[in-house]
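*Asks:* This is the structure I want to talk about, given as structure tokens.
4 protein chains.
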Amino acid sequence: MKQFTAALLGSTGAVGQRYVSMLNDHPFIRLEVLMGGKSAGKKYGEAARWLSPSEAPKDIARKQVLATRPENAEGCDLVFSALPSEAAARVEPNFAKAGFNVISEASAHRMEDYVPLVIPEVNPSHLPLIKNQRKRSGWKGSLVATPNCTVTGLAMVLKPLLDGFKLNKVVVTSMQAISGAGFPGVPSFLIMENVIPYIKNEEEKVADESRKILGVVGKNAIIPASFGLAISCNRVPVIDGHLETLYAEFPGEVTPSAVTKTLNHFMGAPQELRLPTAPKQPIMVHEGLDRPQPRLDRLAGSVPGMSVVVGRVRNGIDKNSIQLTLLSHNTIRGAAGTAILTAELMAARGYLGR
Amino acid sequence: MKQFTAALLGSTGAVGQRYVSMLNDHPFIRLEVLMGGKSAGKKYGEAARWLSPSEAPKDIARKQVLATRPENAEGCDLVFSALPSEAAARVEPNFAKAGFNVISEASAHRMEDYVPLVIPEVNPSHLPLIKNQRKRSGWKGSLVATPNCTVTGLAMVLKPLLDGFKLNKVVVTSMQAISGAGFPGVPSFLIMENVIPYIKNEEEKVADESRKILGVVGKNAIIPASFGLAISCNRVPVIDGHLETLYAEFPGEVTPSAVTKTLNHFMGAPQELRLPTAPKQPIMVHEGLDRPQPRLDRLAGSVPGMSVVVGRVRNGIDKNSIQLTLLSHNTIRGAAGTAILTAELMAARGYLGR
Amino acid sequence: MKQFTAALLGSTGAVGQRYVSMLNDHPFIRLEVLMGGKSAGKKYGEAARWLSPSEAPKDIARKQVLATRPENAEGCDLVFSALPSEAAARVEPNFAKAGFNVISEASAHRMEDYVPLVIPEVNPSHLPLIKNQRKRSGWKGSLVATPNCTVTGLAMVLKPLLDGFKLNKVVVTSMQAISGAGFPGVPSFLIMENVIPYIKNEEEKVADESRKILGVVGKNAIIPASFGLAISCNRVPVIDGHLETLYAEFPGEVTPSAVTKTLNHFMGAPQELRLPTAPKQPIMVHEGLDRPQPRLDRLAGSVPGMSVVVGRVRNGIDKNSIQLTLLSHNTIRGAAGTAILTAELMAARGYLGR
Amino acid sequence: MKQFTAALLGSTGAVGQRYVSMLNDHPFIRLEVLMGGKSAGKKYGEAARWLSPSEAPKDIARKQVLATRPENAEGCDLVFSALPSEAAARVEPNFAKAGFNVISEASAHRMEDYVPLVIPEVNPSHLPLIKNQRKRSGWKGSLVATPNCTVTGLAMVLKPLLDGFKLNKVVVTSMQAISGAGFPGVPSFLIMENVIPYIKNEEEKVADESRKILGVVGKNAIIPASFGLAISCNRVPVIDGHLETLYAEFPGEVTPSAVTKTLNHFMGAPQELRLPTAPKQPIMVHEGLDRPQPRLDRLAGSVPGMSVVVGRVRNGIDKNSIQLTLLSHNTIRGAAGTAILTAELMAARGYLGR
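Structural data, given as structure tokens:
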């Protein structure tokens, strides 16, 4: 199989570490270059305060972290960016201009007209927007964004609902894990034995991004989907795994069993292409009465953390509405995993060729 | 002022202890008789594993716990019941039959036609149902129920919304504290670093009880309010304080500022009567961007734990809908406090006379 | 390789579930019979409320739970007991009498003269006590105990210290995980945002058992080791992993580097015999300044959860004393793992032949 | 009574807020000036992210935060410093030089020969060191330090043990609350469902400071107490309240009952002088088998948070040693409370006169 080499921006942070773990032993993407800000010049093993139980892969730990400059990525086929939003806004276009295919997790460019915002199972059809992008920007490379961690699980569940039953409106409440705030992130003093009913800018992102992802490709931009969406975002004392309650209204009657079947059978391009990071079943409906639970279900599925787990599918106020609870792993499916899956999809579709 | 003496059923449990604390120094209700099951015969101080930081009042600690029998309550003007539901179903009617005015926190009788389900600020008009009750049951005493802990805060907020703006439908997600499950309650193994997206029978209770409380008195029963309600109940790792996100749709336009004003100005019979356990402001809208929070706001207000704290009032999907977050202390406003306030109201209205 | 079949008493509880997980895919022990009390007659998959993220192995889930009677274990080569102490006291001798080799995790028989209390790396030399046991009791089978979960990690660290440097006295403080209390175990109401500085009977067990394990085989019983030991046991809000601080005094000077080397090089019979559940390195000294930490290090080592992780080795009050912190996984190394390793050792040494 | 006015350095931080709360309604100390770094120029109510459930006193919230300069404290009788250590090292001497009596919580100057390190109940006799200090430094004002939060509870318990029974050595393990790390302090990602067995520089501070506090006044400096001390400091997921296990060896026999009596009867200068922040009983021995617990006992006593709660007094390895568990509120007794009590003592002894 054709091999691809990658550079990683923001490599030492919490999300950057997820990329390092997930790309270890990847069948055709090799993480070649690690970049960082203050940590540039140090060995990766010293620069990254390793946050997960398993240790950093030894060959990566020995690599030197390079300064975040396009010339340091020379020879790489793609560039993953785990940069925080401000840095991403400044830096990512330079890489795209210099000819790199950038896959970014930052919010900085997600809502730009010419930037595809992609979940491989949901809207692979948005990738061709890259052509417009190149034309408009004059970039030799490209910039593809992946969505906010709360959006990913939600949009994956909304996609088959929209396709199967249409969708009038949804009301969502999220209970989000602390790892979504990065590191150092949420002070323990604020979240211990508590819930914080607000996450800055999060609700706007969820509304805008999910409509874009579920929209259709127009002439020069995505025409967003038109269903109504209301959301309340909350931070809860959980380490990993965003839980969301979803109430959805449809133009006609829907039964919980039809919804369950539709969700369980949902498949996308990654499954058809058997991409290495694609879970066999992107959405798994759990039959347990009190599931999904973050601690028990966040790593469910054939590729741990890549499946969205749904439970408690039931009617809502009446027969035209349903309620359910969904869980997705915020730093895997909601971040590094979706970005890597996007890279795999782009490779399969010929977007990464040089 | 006229003095009343009270008996307490289920006195040694977690909620029973709240009654003991709150009735300590009460201006006109004196807790005279403590009843229990297995603990009957022991001193209260030995029988009750005291769960809060402050200690049990000394005179109460010295009292002997009596067996749960009507004859042991002789001379009491009212009987508070903090019994679990099954025991309540069996035992409470015996006390009402024997002539006692029972105020019960159990779910056992809440939905019976002839039982008023009361939040003093919301539906004092339901109390006269007691006459029907006596006629139908032949009881010399009475049985008044207080609602489920998740309902109380919700119904208090819905009341002024319904009166002020009408109400088509509401979608609610609760994040409930572990103390709502009593003691020993939720095993730490299940809830630590986790959220449990299900609480047995809770969602049905919220839907049924809130419509009854907000209903109007019909000939022989309450005619429930007719708005639509969908709810998802979750358990979170918080000790006290139920947080709820509320999405509400109205027949016409509503502005966040009008809702805020309406909620802040809401007053009920307890405030007019200046009852001792009535908070000056039953609903307090917090202006903080990230409030209410259980750990910071659960004891807010002039009577700690008796005010519902609301925050994040904003429009929902469109101008006909709003969203907000509310918090109420589940073992004070959601249990002992509302029961005691009900007793005070009944005293003021002449229901406790012998 | 010779295959052995096993029965499991107390199979549906929290620790029972660990056996089921660890024996899945075992190279030569096959879990054949699952026993239970109230759950007898049900399918295992329904009877056991599965507590870990991974699911119960399917073939096990389909098995019927049998009543806890020796005749139901017929044909098994060994019997693992994850029974609580009282049940163990009653039941285990019946199995031993009936000819089964019982490996018990319960405290019931640990301190009996004729019962070897074994950690395979520490005191395999105690196993021959089984001969005395059979003579004295007339049992055809045998009963071997494994130690309390707090003792296991401690005794493993004390063994090389005792052999290498002698040992005058040790002062230990434990910070124990909630899973050590089984299920439902510790109510969340008691342990959330708290530490409980007492665990019933635990301190006595640690003192007695560690001296027995480190003792030498006498004529009819073990002559316990004679060092002084003081311990304070605490429960902390951690799911798995007992952390212990150790202060130790020696007759002569000891250096942290000598202690580190001695601990890192410690090997026992399981390592020599390359038993399948034996970690390559029973004690791993972590170089991190702030390690070991329960959440990060409890699954360290070549067999996850079977290595004791030590850190912060430093001098104590003077050059004759040292201090260190140790961590062991309480339901793996401290329970199921040590029992399975004991079975492997007994198999290798011919104690399980029929 | 003579009134004193105070300035507060580091007023907006977590500990600064404790001073504000505790000095509200103080009978003779009025908090007049609030100083800050980045927050200078703002209203206190806006500058301080208020961390406790109760709100900031209104008159304080309205005050403007001033830059940290001696001239801004003009007219104040004393200066409390809640500055972090580096800032304290630079700034505090300037205030002392300018004629202010500074009471500092920072570690910066604690171990200086000429700085009294004071717990009012333990070593009021060290205050006269101020004379040496003035002579040596030429300051018109003075600088008195209060100890590290882990030391305070420990030294208070060691004082009566040392006086009553002598003391050969102590072995201590602390389980410290997150509030001890200030704000933002410990990231939730690190401490949730975890224990961190290391706190930077903490163990050295405990050893050095407790020996100084328990030492005797020599010619130009304190001659430290000579008992041996080994300590392991751990961070646990608790909000407030440092718990410590203590093992102590004595030259002769000691009984738990004698120790209990000695601790319960311990009194110091603040109790004799009936200072307003002095708890009636500085050390309270709790009789509960599983006490003290941080969440239940941290606010025990007549002045909430000012009493040290001790429990589980028992013999250690032999009759010459004892073990016990102690709890002290780290931001009250371990910080603001002890500083305010020190100010009260200095006022009573005439050190604050101008």
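Chains as they are written, first to last, in my numbering: chain A, 1 to 354; chain B, 1001 to 1354; chain C, 2001 to 2354; chain D, 3001 to 3354. The C-beta atom is built at its ideal place from N, Cα and C for all residues, glycine as well.
Which word fits Arg146 (chain A), buried or exposed, when buried means at least 16 other C-beta atoms lie within 10 angstroms of its C-beta?
*Replies:* Note that residue 146 (chain A) is Thr in the sequence shown, not Arg. Per the 10 Å Cβ criterion, buried.
*Asks:* For Val3238 (chain D) and chain C, any beta-carbon pair shorter than 8 Å?
*Replies:* yes
*Asks:* What distance in whole Å lies between the Cβ atoms of Ala3348 (chain D) and Leu3275 (chain D), which are believed to be in contact at a cut-off of 8 Å?
*Replies:* 7 Å
*Asks:* If you measure from the beta carbon of Gly2185 (chain C) to each beta carbon in chain B, is any gap under 8 Å?
*Replies:* True, the Cβ-Cβ gap to chain B drops below 8 Å.
*Asks:* Counting only Cβ pairs nearer than 7 Å, list the residues of chain D close to Ser179 (chain A).
*Replies:* What Ser179 (chain A) touches in chain D: Phe3189.
*Asks:* With three or more beta-carbon pairs closer than 8 Å as the criterion, would you say the segment 1044–1063 of chain B touches the segment 2021–2034 of chain C?
*Replies:* no
*Asks:* Lys3140 (chain D) and Gly3099 (chain D) look like a contact to me (Cβ under 8 Å); what is the Cβ gap, rounded to whole Å?
*Replies:* The Cβ separation is near 4 Å, so the contact holds.
*Asks:* Determine the chain B residues that contact Met2192 (chain C) at a beta-carbon separation under 9 Å, and present them in chain order.
*Replies:* Ile1178, Ser1188, Ile1191, Met1192, Pro1237, Val1238, Ile1239
*Asks:* Given this structure, state the Cα-to-Cα distance separating Thr1277 (chain B) from Ile1029 (chain B), to the nearest angstrom.
*Replies:* 11 Å
*Asks:* Is the shortest distance between the beta-carbon of Leu1299 (chain B) and the beta-carbons of chain D less than 8 Å?
*Replies:* yes
*Asks:* May I have the straight-line CA-CA distance separating Lys166 (chain A) from Pro256 (chain A), to the nearest angstrom?
*Replies:* 15 Å
*Asks:* What are the boundary residues of the beta strand (DSSP E) that Arg312 (chain A) is part of?
*Replies:* 308–315
*Asks:* Which residue wins for smallest C-alpha separation from His126 (chain A), given the options A:Arg136, A:Asp208, A:Tyr114, A:Ser137?
*Replies:* A:Tyr114
*Asks:* Is the beta carbon of Thr2331 (chain C) sitting closer than 8 Å to the one on Leu2243 (chain C)?
*Replies:* In this structure, the beta-carbon distance from Thr2331 (chain C) to Leu2243 (chain C) does not fall below 8 Å.
*Asks:* Mind listing the chain B neighbours of Leu2051 (chain C)? Cutoff is C-beta to C-beta under 7 Å, in chain order.
*Replies:* In chain order: Phe1189.
*Asks:* Can the beta-carbon of Asp2290 (chain C) be found closer than 8 Å to that of Val2309 (chain C)?
*Replies:* Contact flag unset, no.
*Asks:* Taking just the CA atoms, how far does Glu2032 (chain C) sit from Leu2273 (chain C)?
*Replies:* 25 Å
*Asks:* Tell me which residue opens and which closes the beta strand (DSSP E) that Leu3327 (chain D) is part of.
*Replies:* In the DSSP annotation of this structure, the continuous segment of the beta strand (DSSP E) that includes Leu3327 (chain D) starts and ends at 3321–3328.
*Asks:* Starting from the Cα of Ala2230 (chain C), find the closest Cα among C:Leu2214, C:Lys2319, C:Tyr2247 and give me that residue.
*Replies:* C:Tyr2247
*Asks:* Tell me whether Lys212 (chain A) sits in a helix, a strand or coil according to DSSP, three-state version.
*Replies:* helix
*Asks:* Just checking, does the segment 2081–2088 of chain C make contact with the segment 2099–2109 of chain C on the three C-beta pairs under 8 Å criterion?
*Replies:* yes
*Asks:* By how many angstroms is the C-alpha of Val1151 (chain B) removed from the C-alpha of Arg1314 (chain B)?
*Replies:* Their Cα atoms are separated by approximately 22 Å.
*Asks:* For Ile3191 (chain D), collect the residues of the same chain with a Cβ closer than 7 Å to its Cβ; drop the 5 residues on either side in sequence, then sort them by chain order.
*Replies:* Ile3178, Arg3235, Pro3237
*Asks:* Would you call the segment 39–56 of chain A and the segment 300–308 of chain A touching, i.e. three or more CB-CB distances under 8 Å?
*Replies:* no
*Asks:* Establish whether the CB of Leu3289 (chain D) and some CB of chain B are separated by less than 8 Å.
*Replies:* no
*Asks:* Which value, in whole angstroms, describes the spacing of the CA atoms of Val303 (chain A) and Leu341 (chain A)?
*Replies:* Using only the alpha carbons, I get a separation of about 11 Å.
*Asks:* Using DSSP with H/G/I as helix, E/B as strand and the rest coil, what is Val1206 (chain B)?
*Replies:* helix
*Asks:* Determine, for Leu2296 (chain C), whether the minimum Cβ-Cβ distance to residues of chain A falls below 8 Å.
*Replies:* yes
*Asks:* Going along the chain, which unbroken runs of the beta strand (DSSP E) with 3 or more residues stay wholly within the segment 2014–2065 of chain C?
*Replies:* Contiguous beta strand (DSSP E) elements confined to the segment 2014–2065 of chain C occur at 2029–2036, taking only those with 3 or more residues.
*Asks:* Starting from the C-beta of Pro2292 (chain C), find all residues in its chain whose C-beta is less than 6 Å away, skip the five residues before and the five after it, and write them out in chain order.
*Replies:* His2286, Val2309, Gly2311, Leu2327
*Asks:* Let me make sure I understand the geometry here. Which of B:Lys1002, B:Glu1253, B:Gly1337 has the alpha-carbon closest to that of Leu1161 (chain B)?
*Replies:* B:Glu1253
*Asks:* In whole angstroms, give me the CA-to-CA distance for Lys2205 (chain C) and Gly153 (chain A).
*Replies:* 48 Å
*Asks:* Measure the CB-CB distance between Gly1185 (chain B) and Ser2188 (chain C) and report whether it falls below 8 Å.
*Replies:* yes
*Asks:* When the Cα atoms are used, what is the spatial distance from Ile3222 (chain D) to Val3144 (chain D)?
*Replies:* Taken atom to atom, the span from the alpha-carbon of Ile3222 (chain D) to that of Val3144 (chain D) is near 14 Å.
*Asks:* Determine the DSSP secondary structure at Gly241 (chain A), reduced to helix, strand or coil.
*Replies:* In the three-state reduction of the DSSP assignment, Gly241 (chain A) falls in the coil class, being assigned neither a helical nor a strand state.
*Asks:* Going by alpha carbons, who is nearest to Pro3251 (chain D) out of D:Asn3094, D:Glu3344, D:Lys3169?
*Replies:* D:Lys3169
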